[in-house]
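Worksheet: one structure, shown below.
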Amino acid sequence: MTKRAQPASVRIERDAIDDRDLVNRAQGGDRDAFRTLFERYSRRAYSLALGVVRNPDDALDVVQDAFIKAHRHLDKFEGQASFYTWLYRIVMNLAIDHLRKHKRTRAVDWTEQDLKEGDAVGEDSLLPRILGANPGRALLDREIRDRIAAALDELSDNHRAVLVMRELEGLSYEEMAQVMGCSKGTIMSRLFHARKNMQKRLADLYEGRPAEDGDASEDRPAVESEATAPPSYDRTSRS
Amino acid sequence: MSNVSDSDLMMLADGELDATEASAIERRAGRAGARKVEGIQEVGGLVRGHLELSTDEAEDRLAGLWSLVERRIEADARAEATPAPAAAAPAAGEPAGMWARFTRWLDGHRGHFLTGALSAGAVALLALVLRDPEVVVKTVQVPGPTPSGPVAGGPVTGPIVATPALQRTAPEIESLEVSGGTGSVFTIQDDDGGDIAVIWVTPDDVLEGI
Chain A
1 MTKRAQPASV RIERDAIDDR DLVNRAQGGD RDAFRTLFER YSRRAYSLAL GVVRNPDDAL
61 DVVQDAFIKA HRHLDKFEGQ ASFYTWLYRI VMNLAIDHLR KHKRTRAVDW TEQDLKEGDA
121 VGEDSLLPRI LGANPGRALL DREIRDRIAA ALDELSDNHR AVLVMRELEG LSYEEMAQVM
181 GCSKGTIMSR LFHARKNMQK RLADLYEGRP AEDGDASEDR PAVESEATAP PSYDRTSRS
Chain B
240 MSNVSDSDLM MLADGELDAT EASAIERRAG RAGARKVEGI QEVGGLVRGH LELSTDEAED
300 RLAGLWSLVE RRIEADARAE ATPAPAAAAP AAGEPAGMWA RFTRWLDGHR GHFLTGALSA
360 GAVALLALVL RDPEVVVKTV QVPGPTPSGP VAGGPVTGPI VATPALQRTA PEIESLEVSG
420 GTGSVFTIQD DDGGDIAVIW VTPDDVLEGI
């Protein structure tokens with residue numbers, strides 16, 4: 001008998017119910033329940049922390065501190081949001097706090113003005129697709145990965161934090177504005193410039209190389225690996 | 240060239256527009272706009288893919304992280320169960336040294352600070368267990384007094400002269416583990432000109448934004 005895969009929405013709902021049960025048990029002192037939450041979300045939390053702080057050791061520290069903090073304040077968690085939504089806020093706060101504490105000398109964000117719907121941003125703007133159809137394959141190239149890492153490192157802390165929140169967690173502009181404590185326009189501006197700077201820093205890598213799927217300008221649907229699938233036009237729904 | 244702004248295309252790519260607005264922008268954007276949207280999505284795919292692969296590389300270390308988390312959870316539980324140490328009674332005729340001035344300065348600040356000071360002495364391991372937060376100084380290396388005469392290659396024949404205070408250095412704290420707060424180590428000079436290492440602990444406040 002063929003087992004039918006559950007739709008994603010069912011899985012998300014089931015995980016949320018499981019999480020609530022695990023949180024209830026952890027609130028009652030069940031260490032194993034908290035460990036299950038750790039095992040379920042530590043990887044995701046690490047990706048988020050790494051994207052912001054950029055150093056693997058620091059990211060591990062952030063994840064560790066985040067789970068300690070979550071455990072310490074578990075009694076305050078009322079389940080209005082999902083456990084992970086609560087956790088990622090803790091991770092983001094700690095990661096941003098970490099950056100503030102270990103402030104390095106770097107360029108000031110001169111592009112910190114708000115951006116609004118319909119704002120013209122000039123000709124020096126976002127670029128079309130540069131790598132071809134399959135970034136998943138491109139990432140197998142160590143040189144490309146190193147360049148992506150370097151490009152992320154070179155972004156300002158604020159630009160990188162917004163880009164990572166958006167691309168990894170699918171946060172809306174409004175949600176990011178709440179996490180970062182700034183206006184939605186500032187979030188849009190940071191996101192725009194983060195993307196533009198990433199494109200600029202990666203563009204030369206492909207100069208002279210043919211795109212994998214031939215001419216990237218051709219009107220052809222992109223085939224993405226699951227790990228690198230682009231965000232859909234509809235934002236991922238989260239509780 | 241498309242007459243749609245980049246900010247509109249970005250909102251389209253990020254799902255920030257409702258269905259009506261999205262289809263209007265898509266119509267106006269044309270092929271050039273669609274390619275910019277693909278460019279935005281491409282950056283997203285690269286960032287996600289890069290972070291996924293980097294996380295794969297940290298899998299082993301992540302697997303070992305639970306034991307550290309659990310240890311700190313247990314330290315929290317112990318700290319909660321440990322009664323707070325009684326406050327030291329103020330001595331009559333308070334000494335007028337640097338440390339006294341420093342503690343008076345601390346008293347004058349309303350923040351909740353827990354401090355410990357290490358003078359240069361033979362301390363190998365120090366653990367200050369306070370109710371909340373818990374502070375554990377894992378390793379303290381203390382430089383010994385510097386002999387004033389030659390010592391290498393034979394017995395010391397001359398008198399061993401105690402290191403003057405001016406030459407004393409503060410112990411070197413290799414690691415400081417603070418559960419429930421943030422710890423800092425800094426050095427102040429005492430009245431004799433020697434150095435004292437001070438551990439400054441600020442307890443965690445209420446969790447931000449939660």
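Chains as they are written, first to last, in this note's numbering: chain A, 1 to 239; chain B, 240 to 449. For glycine and all other residues, C-beta sits at the position ideal for the given N, C-alpha and C. Since we're looking at a predicted model, the values are computed, not measured.
Contact between LEU50/A and LEU290/B holds, with the beta-carbon distance rounding to 6 Å and staying under 8 Å. Closer than 8 Å to the CB of ALA297/B there is at least one CB belonging to chain A.
For SER246/B, the nearest beta carbon of chain A is closer than 8 Å to its own beta carbon. Taking 9 Å as the cut-off between beta carbons, the residues of the region 277-289 of chain B near chain A are GLU277, GLY278, ILE279, GLN280, GLU281, VAL282, GLY283, GLY284, LEU285, VAL286, ARG287, GLY288, HIS289, in sequence order. In terms of CA proximity to LEU307/B, LEU60/A leads the group LEU60/A, ILE90/A, THR36/A. Residues of chain A with a Cβ closer than 8 Å to the Cβ of ARG317/B do not exist, since the nearest Cβ in that chain sits about 14 Å away.
By the Cβ neighbour-count rule, ASP146/A is exposed, with fewer than 16 other Cβ atoms within 10 Å of its own. For GLN80/A, there is no enclosing alpha helix (DSSP H), as DSSP gives it neither H nor E. Going by C-alpha positions, HIS102/A is about 20 Å away from ALA45/A. The alpha carbon of TYR41/A has as its nearest neighbour, out of GLU154/A, VAL23/A, GLY28/A, the alpha carbon of VAL23/A.
Within its own chain, the residues whose Cβ lies closer than 7 Å to the Cβ of ASP75/A, once the five positions on either side in sequence are excluded, are GLN27, listed in chain order. Put simply, the CB of ARG311/B is near chain A, with a gap under 8 Å to one of its CB atoms. Within 9 Å of the CB of ILE148/A, the CB atoms of chain B belong to LEU285, VAL286, GLY288, HIS289, in sequence order along the chain.
With its beta carbon at least 8 Å from every one in chain B, HIS159/A lies outside the interface. Shown in chain order are the members of the region 159-175 of chain A whose Cβ falls below 8 Å from a Cβ of chain B: LEU163, VAL164, ARG166, GLU167, LEU168, SER172, TYR173.
Flagged as an interface residue toward chain A: ARG300/B, by a C-beta distance shorter than 8 Å. Using a Cβ-Cβ cut-off of 8 Å, VAL23/A does not count as an interface residue toward chain B, since no Cβ of chain B sits closer than that to its own. When the Cα atoms are used, VAL243/B and GLU260/B turn out to be separated by approximately 12 Å.
The shortest CA-to-CA distance from ARG270/B to any of THR321/B, GLY288/B, LEU248/B, GLU255/B is the one to LEU248/B. For ASP58/A, the uninterrupted alpha helix (DSSP H) segment begins and ends at 56-72.
Taken in chain order, the complete alpha helix (DSSP H) segments of 4 residues or longer contained in the region 160-215 of chain A are 173-180, 184-203.
For LEU256/B, no alpha helix (DSSP H) run applies, since DSSP gives it neither H nor E. Annotation for HIS98/A: VAL53, ASP58, VAL62 place their beta carbon closer than 7 Å to its own, counting only its chain and skipping 5 residues before and after.
For chain B, the residues of the region 193-204 of chain A that bring a beta carbon within less than 8 Å of one of its beta carbons are ARG195, MET198, GLN199, LEU202, in chain order. Fewer than three pairs of CB atoms, one per stretch, sit closer than 8 Å, so the region 293-308 of chain B makes no contact with the region 157-176 of chain A. Taking every protein chain shown into account, the CB of ALA203/A has fewer than 16 other CB atoms within 10 angstroms, so this residue is exposed.
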